[in-house]
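> Chains as they are written, first to last, in the numbering used here: chain A, 1 to 159; chain B, 160 to 318. C-beta atoms are modelled at their ideal positions from N, C-alpha and C, and glycine is treated no differently. Computed from a prediction, not measured in an experiment: that's the story for all the values here. To start, I am sharing the structure in question, which I have written as structure tokens.
There are 2 protein chains.
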Amino acid sequence: MTTSGLTFSPEIEARLDAAARLCSQQGATLTPLRREVLGLVLASDQPIGAYALLDHLRRSRATAAPPTVYRALEFLLERGFVHKVERLNAFIGCPSATDHAGHDHPHAVQFLICTCCGRVTETEDEGIASAIARAAERAGFRHTRATVEIEGVCRACAG
Amino acid sequence: MTTSGLTFSPEIEARLDAAARLCSQQGATLTPLRREVLGLVLASDQPIGAYALLDHLRRSRATAAPPTVYRALEFLLERGFVHKVERLNAFIGCPSATDHAGHDHPHAVQFLICTCCGRVTETEDEGIASAIARAAERAGFRHTRATVEIEGVCRACAG
DNA sequence: CCGAAGCGCGTTACACTATAACATTGTGGA
DNA sequence: TCCACAATGTTATAGTGTAACGCGCTTCGG
Ligand SMILES: [Zn+2]
Ligand SMILES: [Zn+2]
Ligand SMILES: [Zn+2]
Ligand SMILES: [Zn+2]
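Below is the structure:
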């Protein structure tokens, strides 16, 4: 029957359903295209670049072009379903934005980038967030958001 | 006579001289090309992109190409004379790496990015650095360095 | 019913950022 | 002299991101 594209694992489909509910609560729509892009991001165990997404997307949408994926990513970024890892020019799914509850996190978010396995873990350490807030205030800087990307070797790779 | 390229303000020339001394202490050479690229970065009051540098560079070196500037930047980045602002794909001079003393900073460095005037200020807040170290350790993550880029409005722009 | 307005997406073309690969020049040591 | 190395020149290409226009669809007031 192929309603509109790919199908993902049950876990991911559940998260996509949660995202769809959150969208409609906000008067937005998680269209089939956006749902598929989000699914592809969530299905990747590493950050995935826009053009890698495009390649995957073309399996079901042969005519997809860069704006296709960038527009979907823009939508997903605005709502916090995905994040961009600036150092990698790649995107990861937000674990808290699509869990069953959908509690949109405070977006004092940090990324732990493992240079060994390539995986990126998101954290919401309050100590870092408040240290940033204090440092900004001390500098007379009215901060709106911060990018914190920590490079190193994860527990699994360190052995 | 045109020894090798542009000439900068006395303040910048002094910093370039300091950088040259630091290089020779390390057995490296701040060649005329590298010196000129560093001078251009220091002369910019905002982060400057590689291709903007290239445009400036071509006033004195007509045949300069992307590798010309990227190789110079690689050298300057390795020694901490410049930093890359990931969110902007642009480069800034490090205030502490080229001061008279040349104390190479611990590189727990943060950037305050003003979305209003476009200027970027470097800070070395110890509170942020230690909060990152603690959070990483708690996650079993052996961290090597961190990118911290704080977006907001600077004191001058906030009024 | 009609037309305007807005959204989502297709499509084309292009701009911007970065690197690979090989050639050339100059310098200093075996 | 010959070699090795650093630095740069040179050409080509890879990777990342947007602008601009158009089309189909829905909604809503007239
Ligand atoms: Zn998140
Ligand atoms: Zn790892
Ligand atoms: Zn610095
Ligand atoms: Zn400002």
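(1) At the level of alpha carbons, what is the spacing between leucine 232 of chain B and valine 200 of chain B?
(2) Beta carbons nearer than 7 Å to chain A: which residues of the stretch 291-310 of chain B have them?
(3) Any C-beta of chain B within less than 7 Å: which residues of the stretch 72-95 of chain A qualify?
(4) Is it buried or exposed, alanine 224 of chain B, if we count other Cβ atoms within 10 angstroms and call 16 or more buried?
(5) Counting beta carbon pairs with one atom in the stretch 72-92 of chain A and one in the stretch 36-50 of chain A, are three or more of them shorter than 8 Å?
(6) Alpha carbon to alpha carbon, how far is arginine 79 of chain A from threonine 190 of chain B? Give it in angstroms, no decimals.
(7) Measuring straight from C-alpha to C-alpha, what distance separates serine 128 of chain B and threonine 306 of chain B?
(8) Starting from leucine 271 of chain B, follow the beta strand (DSSP E) in both directions and report where the run begins and ends.
(9) Quick one: Cα of cysteine 117 of chain A to Cα of cysteine 157 of chain A, how far?
(10) Taking the alpha helix (DSSP H) that glycine 286 of chain B falls in, what are its first and last residues?
(11) Identify whether threonine 147 of chain A lies in helix, strand or coil by the three-state DSSP scheme.
(12) Using the Cα positions of glutamine 184 of chain B and alanine 295 of chain B, report the straight-line distance between them to the nearest angstrom.
(13) By how many angstroms is the C-alpha of glutamate 170 of chain B removed from the C-alpha of glutamate 149 of chain A?
(14) Who sits around ligand 4, taking every residue whose Cβ is closer than 5 Å to one of its heavy atoms?
(15) Please indicate yes or no: does the CB of arginine 119 of chain A lie closer than 7 Å to some heavy atom of ligand 2?
(16) Looking at chain B, is there any beta carbon in it that lies within less than 8 Å of the beta carbon of threonine 123 of chain A?
(17) Within its chain, find whatever has a CB closer than 8 Å to the CB of glutamine 269 of chain B; leave out the 5 residues flanking it on each side and keep chain order.
(18) Can you check which of these residues, A:Thr7, A:Arg71 and A:Gly39, is closest to alanine 19 of chain A by C-alpha distance?
(19) Among residues of its own chain, excluding the 5 on either side of valine 244 of chain B, which ones have a beta-carbon nearer than 8 Å to its beta-carbon?
(20) Of the residues A:His83, A:Gly152, A:Val69 and A:Arg138, which one's Cα is nearest the Cα of alanine 131 of chain B?
(21) Quick one: is alanine 221 of chain B near chain A, going by C-beta distance under 8 Å?
(22) Name the residue from B:Cys313, B:Thr166 and B:Leu181 whose alpha carbon lies nearest to the alpha carbon of serine 255 of chain B.
(23) Quick one: which unbroken beta strand (DSSP E) runs of 3-plus residues sit fully inside the stretch 177-261 of chain B? Chain order, please.
(24) Using a Cβ cut-off of 8 Å (strictly closer), state whether arginine 119 of chain A contacts chain B.
(25) Does DSSP put arginine 314 of chain B in a helix, a strand or coil?
(26) Using a Cβ-Cβ distance cut-off of 8 Å, determine whether isoleucine 287 of chain B contacts chain A.
(27) Please return the same chain residues whose Cβ sits closer than 6 Å to the Cβ of isoleucine 132 of chain A, not counting the five positions on each side in sequence.
(28) Just checking: is the beta-carbon of alanine 317 of chain B within a distance shorter than 8 Å of some beta-carbon in chain A?
(29) Put phenylalanine 141 of chain A into one of helix, strand or coil per three-state DSSP.
(30) Hey, would you say phenylalanine 300 of chain B sits closer than 8 Å to cysteine 154 of chain A, going by beta carbons?
On the basis of the coordinates in this document:
(1) Near 10 Å, if we compare the C-alpha coordinates of valine 200 of chain B and leucine 232 of chain B.
(2) Look at the stretch 291-310 of chain B: the residues with a C-beta under 7 Å from a C-beta of chain A are Ile291, Arg293, Ala294, Ala295, Ala298, Gly299, Phe300, Arg301, His302, Thr303, Arg304, Ala305, Thr306, Val307, Glu308, Ile309 and Glu310.
(3) Going along the stretch 72-95 of chain A in chain order, one finds Glu86 and Arg87 with a Cβ nearer than 7 Å to chain B.
(4) Exposed.
(5) The stretch 36-50 of chain A vs the stretch 72-92 of chain A: in contact.
(6) Those two C-alpha atoms are separated by around 48 Å.
(7) Shown here, chain B extends from 160 to 318; a query on residue 128 of chain B therefore has no answer.
(8) Counting along the chain, the beta strand (DSSP E) containing leucine 271 of chain B begins and ends at 269-273.
(9) Rounded to whole angstroms, cysteine 117 of chain A to cysteine 157 of chain A spans 7 Å at the Cα level.
(10) Counting along the chain, the unbroken alpha helix (DSSP H) around glycine 286 of chain B starts and ends at 285-297.
(11) DSSP, read as helix, strand or coil, puts threonine 147 of chain A in strand.
(12) Near 34 Å, if we compare the C-alpha coordinates of alanine 295 of chain B and glutamine 184 of chain B.
(13) If you take the alpha carbons of glutamate 149 of chain A and glutamate 170 of chain B, they lie about 33 Å apart.
(14) Those residues whose C-beta sits under 5 Å from the nearest heavy atom of ligand 4 are, from N- to C-terminal order along the chain, B:Cys273, B:Cys275, B:Cys276, B:Cys313 and B:Cys316.
(15) Yes, since a heavy atom of ligand 2 falls inside the 7 Å radius drawn around the Cβ of arginine 119 of chain A.
(16) Threonine 123 of chain A belongs to the set of residues whose beta carbon lies under 8 Å from a beta carbon in chain B.
(17) Counting only Cβ-Cβ distances below 8 Å, and skipping sequence neighbours, we find Glu281, Thr282, Glu283, Asp284, Ile287, Val307, Glu308 and Ile309.
(18) Just measuring C-alpha positions, the residue of A:Thr7, A:Arg71 and A:Gly39 sitting nearest alanine 19 of chain A is A:Gly39.
(19) Within its own chain, the residues whose Cβ lies closer than 8 Å to the Cβ of valine 244 of chain B, once the five positions on either side in sequence are excluded, are Pro206, Phe250, Ile251, Phe270, Ile272, Val279 and Glu308, listed in chain order.
(20) Because chain B spans 160 through 318 in this model, residue 131 of chain B falls outside it and cannot be assessed.
(21) The beta carbon of alanine 221 of chain B does not come within 8 Å of any beta carbon belonging to chain A, so the residue lies off that interface.
(22) Nearest in C-alpha terms to serine 255 of chain B, of all of B:Cys313, B:Thr166 and B:Leu181, is B:Leu181.
(23) The stretch 177-261 of chain B contains these whole beta strand (DSSP E) runs: 241-244 and 249-252.
(24) Not an interface residue.
(25) Three-state DSSP puts arginine 314 of chain B in a helix.
(26) For isoleucine 287 of chain B, the answer is yes, since a Cβ of chain A falls inside 8 Å of its Cβ.
(27) Scanning its chain for C-beta atoms nearer than 6 Å, with the 5 sequence neighbours on each side dropped, one finds around isoleucine 132 of chain A the residues Ala146, in chain order.
(28) By this cut-off, alanine 317 of chain B is an interface position.
(29) Phenylalanine 141 of chain A falls in the coil class under three-state DSSP.
(30) Yes.
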